[in-house]
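Take a look at the structure below.
In the working numbering, the protein residues as written are 1234 to 1456.
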């Protein structure tokens, strides 16, 4: 089968089995991802494990485009779904393979698999990578009729580095979650500011009601 993989994050790797069994065109750069190139390749399916940019209607209405989103849709549409779910207290979430539409994560769902949200973000991404590869393999084998999302939608706001600040009145569990939910090399670390210094935290563990972690002290950057 001819498939396109449009992916902007380094944590996703297509499996060797899928590479061997399919003809794959891979995109990382939105400037290269255009209708004429895709039309020439003429894919059966286009998959978006993680894509930071808007896809034109010309593309998603002309080809079968499937986007992956981690949340119990329609709750949790929008940005930073894993971090937002952790802050809401979720311990697991479905990873949804949905038909791309013009709305934000609002298309009908082809298939879903459960993902544990335990551990650091790096560990969560490893599990997510495996699940998305499994979903791609199953969808290539047989594409079911997608099911319309039911219920009232709720859109997450995309979190920024400012949201990683640990506040003095937060619980130990909240501190632990804030550290682990961004503990991956491409994300800014959780931190506290102390005078002219910034203390950044990684490798968090909950031990006897306390948080054990690695701390790095840096001089704060000035504007």
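Using N, Cα and C, we set each Cβ at its ideal position, and we do this for glycine too.
Check your understanding: Thinking C-alpha only, which one of 1357, 1374 and 1325 is nearest residue 1278?
Key -> The shortest Cα separation from residue 1278 among 1357, 1374 and 1325 belongs to 1374.
Exercise for review: Count the other C-beta atoms from every protein chain shown that fall within 10 angstroms of the C-beta of residue 1416, then say buried if there are 16 or more, exposed otherwise.
Suggested key: buried
Exercise for review: Measure from the alpha carbon of residue 1234 to the alpha carbon of each residue in 1389, 1376 and 1431, then state which is nearest.
Suggested key: 1376
Exercise for review: Tell me residue 1431's beta-bridge partners as DSSP assigns them.
Suggested key: 1426 and 1451
**Study point:** Cβ neighbours of residue 1299 in the same chain (closer than 6 Å, five flanking residues each side left out)
**Key:** Same-chain partners within the cutoff: 1280 and 1330.
Check your understanding: Going by Cα to Cα distance, which pick from 1412, 1356 and 1273 is closest to residue 1400?
Key -> Measuring from the Cα of residue 1400, the nearest candidate turns out to be 1412.
Practice item. In the DSSP assignment, find the unbroken alpha helix (DSSP H) run with residue 1314 in it and report its ends. Key: Element bounds for residue 1314: 1314–1320.
Check your understanding: Taking 9 Å as the CB-CB limit, is residue 1344 close to chain C?
Key -> Among the chains of the structure shown, chain C does not appear; only one protein chain is present.
Practice item. Would you kindly work out how many angstroms separate the C-alpha atoms of residue 1336 and residue 1303, rounded to a whole number? Key: For residue 1336 and residue 1303, the distance between alpha carbons rounds to 16 Å.
Point to revise | 8 Å contact criterion, which residue 1268 and residue 1291 should meet: CB distance rounded | key: 5 Å
**Study point:** Chain-order list of residues whose beta-carbon lies under 7 Å from that of residue 1283 (same chain, five-residue window excluded)
**Key:** 1240, 1241, 1242 and 1245
Review point. For residue 1287, which of helix, strand or coil comes out of DSSP?
Key: coil
**Study point:** Given residue 1306 as reference, the closest of 1367, 1345, 1254 and 1360 once Cα atoms are compared
**Key:** Selected option, being the one with the closest Cα: 1345.
Review point. In chain order, what residues of the same chain have a beta carbon less than 7 Å from the beta carbon of residue 1325, not counting five sequence neighbours either side?
Key: 1347, 1348, 1349 and 1350
Point to revise | Enclosing alpha helix (DSSP H) for residue 1354 [first to last residue] | key: Unbroken alpha helix (DSSP H) run through residue 1354: 1354–1374.
Review point. If we ignore side chains and look at the alpha-carbon of each, how far apart do residue 1238 and residue 1254 end up?
Key: 14 Å
Check your understanding: Cα-Cα, which of 1352, 1339, 1341 and 1424 is closest to residue 1315?
Key -> Here the closest residue by C-alpha is 1352.
Exercise for review: Check the DSSP bridge columns for residue 1257 and list the partner residues they point to.
Suggested key: 1236
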